[in-house]
Every structure is written in structure tokens, then in C-alpha cells.
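Engineer: The structure is given below, and queries will be raised subsequently.
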Amino acid sequence: MSEPVVRVVSVSKTFIQQGAFPWSPERPIHAVKSVDIEIHEGEIIALVGQSGSGKTTLARLVLGLEEITSGQILLEGRRWDTMTERERYPHRVRYQYVPQDAMSALDPQQSALEHVVETLRVLGGLDSAEAERQAIAMLERLGLGHRLAALPRQMSGGEQRRVTLARVLALRPRLVVADEPTSGLEPDRREEVLRDLIGNLPKDAGCILVTHDMSAARKWATRVLVMLDGHIIEKLDLREEDPVHPYARMLFDPWSSRLPDRGLAPTGCAFRLDCPQCVPPVAERCVATVPSLQRLDDTHSVACHAAAPQDPREDS
């Protein structure tokens, strides 16, 4: 098998939160906790979980937009986390980020065409004529051929998202990290944006899709990683199998009216206060230890004392 596009090895991230008053002590916030993932070419990885689970922080760590506290991040075999910004710059064109807030990512004085042309000139190294030719072609592929001169304030939310996609996709990246790219859009517009993103990715690219939209994760992702309290608690292909972790089952059940509401447990399994499976005899383990990811089969791993096999194979 070829080198993964991304390899994340035991990565953790801790933020230091200042106290409310000058004399208040600082408090560590452990946003990502010893995460391991690999993404290969052609894979669409959905990171799902409730707000505060660590999804966006992990995605930003992969691209070097946040510095890791411990662990390693390798992009195509290179230690990305130890490079200086000067060393990273030549590679930036290959690793691209689609922000959640498209409007804030766009220059209010630039047209749709100017946004993409500038990206291709500055990052892609193209001359003005070739940059314009490729920019027009990409905008037409995304259904914006008639909106080349439109400014951001003249665009709909969906059109703004597609301009940000055009800037990224025109560079033919090796990795795209899309942070809630459909947030705030109507359902039909969400479908269009995801189809435009995934349908126009280079065949050798990987994609990390950070999303609250479980139906989108089920439809578009080749693998889903469920996050809770900074940990990945389940990895699976939703096209082939159903989640087994109680938290993941709640997230993906369209008929569930109940989501976790008792907060995170301070010790052991973070979900145990809300977990219907945290009952004797397994409850003692749920209270005492944080479950580690165990492989159920070649494509499915779970971190749950109740759902793990009797002779588990630890997921690496």
C-alpha cells in the first residue's frame, strides 16, 4: 500500500485557559487526546461528534493551523508538525482548508473570478492568462460561470461556499480539510456543496470532512470517525456496518429524541453518565478506566467496555 496522505500518531492538544480574574489559576483544556488516524488517497473521512468534541481542533492540527502538544503528524511521510512555517510554505498548495464561514474567507472587493485567479497566481505559480483560463473552467464546473463578476455581498450563501471550493479545488490539492462546509445552508444547498466538493476532488486526494450532518457523513464518507471528549471512540464504514458505541448510535439514529445531556464524566469513560450500557458488571470498568479503541474487524474499531470483544485486538 502507498504512503498515506496523512498519518496522525498519538497526537494530543492542550490549551491553557486563563482564569476569569488575574489571581485565578490557569486551567488546562485537553481538546485532543492521543489520536491515531491514517488517510489514504481517495478516502473521504468524516469527523463527527457534538460541539466541543475536538473535531475542528484535530482538523486544524493536521494542517498545522494549530501546534500540537505531543505526537506526530506526517503528510505524505513528512513530519509536518516539526517544520517551520517557512519550510511548510512550499507545500501549502497541496494541503488546503475550506473554512466554515465562507463570507469571512472572501475579500469583499474581489469578484468570484478574481478570488480564484489570485489563488492560482500566488499559490499555483501560474501567469495571469493561464490562471484566468483555469479559474473560469473551475467556476463553470461548479455552476458559477454566470457569476464570474459577482462580489461576495451579491452572492447567496451557497455561491459563497462554491467560490471557496473553487479556490481550493483549482490547486488540485493532495488533502482537503473541510470544516462544516454546509453549515447554515438549506438541505438542498448542502447536497449541492458536498457534491461539488467531493465530485471535483483529484483522484489521488484525501479529504477530511468535519460535520454535524450525520446523513451527509453516511452518504459521502468512506470512513467515519466519531469523536467524544477529544478521543476517537469509533471508526467505521457506515456504508457497510452500523455503529455499536452507545454514543455513536444516538448520534446516527434519526428517530432518537435523546442526546447526551448529563455532561462528561470526570473519570473513566466520558459517556458513562448517559450510557444505557453502563450497568453491572461492566460499570466498574466504565468508572475506573478510559476505554481504548479495539478492532472488531478490519474496518471497524470501537472504544467501549461494553461493546469491545472478549479478546480484543488493540487498534493502532
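Take the sequence shown: its position 92, counting from 1, is numbered 92 in the working numbering, and each next residue is one higher.
Glycine is no exception: its CB is placed at the ideal position from the N, C-alpha and C atoms.
Note that the structure is predicted; figures quoted are calculated from it, not measured.
1. With three or more beta-carbon pairs closer than 8 Å as the criterion, would you say the segment 174-183 touches the segment 126-144?
2. What residue from Gly-124, Ser-104, Ala-102, Glu-26 has the CA that sits closest to Lys-95's CA?
3. Can you give me the start and stop residues for the beta strand (DSSP E) that Thr-267 sits inside?
4. Starting from the N-terminal side, write out each stretch of the beta strand (DSSP E) that is 3 residues or longer and does not extend beyond the segment 42-126.
5. Leaving out five residues on either side along the sequence, give the residues of the same chain with a beta carbon under 7 Å from the beta carbon of Gln-310.
6. In angstroms with no decimal places, state the Cα-to-Cα distance between Gly-49 and His-305.
7. Taking Cβ positions, are Val-35 and Gly-206 nearer each other than 7 Å?
8. Out of curiosity, what's the CA-to-CA distance linking Asn-200 and Ile-232?
9. Can you pull the DSSP bridge partners for Lys-13?
10. Below 6 Å, is the gap between the Cβ of Ala-59 and the nearest heavy atom of the ligand NAP?
11. Return yes when the Cβ of Val-11 is within less than 7 Å of the Cβ of Ile-68, no when it is not.
12. Are three or more beta carbon pairs between the segment 215-232 and the segment 264-274 nearer than 8 Å?
13. Should Leu-238 and Val-224 be called a contact, given that it needs their Cβ atoms to be closer than 7 Å?
14. Taking the CB atoms as reference points, tell me whether Leu-165 and Asp-213 lie closer together than 7 Å.
15. Give me the Cα-Cα distance between Pro-291 and Val-282, rounded to the nearest whole angstrom.
16. Work out the CA separation of Val-8 and Arg-78 for me, nearest whole Å.
Structural biologist: In short, the structure shows the following:
1. Touching, no.
2. Sequence inspection shows Tyr at residue 95; the Lys mentioned does not correspond to that position. For the residues Gly-124, Ser-104, Ala-102, Glu-26, the minimum Cα distance to Tyr-95 belongs to Gly-124.
3. First-last for Thr-267: undefined, no H or E at that position.
4. Runs found: 44-48, 70-75, 95-98.
5. Only weak support is given to the placement of Gln-310: the predicted model assigns it a pLDDT of 49, under 50, and the value that follows is read from those uncertain coordinates. None.
6. The alpha-carbon atoms of Gly-49 and His-305 are separated by roughly 19 Å.
7. With contacts defined by Cβ atoms closer than 7 Å, Val-35 and Gly-206 do not form a contacting pair.
8. Approximately 28 Å, taken between the alpha carbons.
9. According to DSSP, which records beta bridges pairwise, Lys-13 is partnered with Val-32.
10. The model depicted lacks the ligand NAP and carries no ligand whatsoever.
11. Yes.
12. The segment 215-232 is in contact with the segment 264-274.
13. In this structure, Leu-238 lies near Val-224, with their beta-carbon atoms less than 7 Å apart.
14. Leu-165 places its beta carbon 7 Å or farther from that of Asp-213.
15. For Pro-291 and Val-282, the distance between alpha carbons rounds to 12 Å.
16. Going by the C-alpha atoms only, they are around 11 Å apart.
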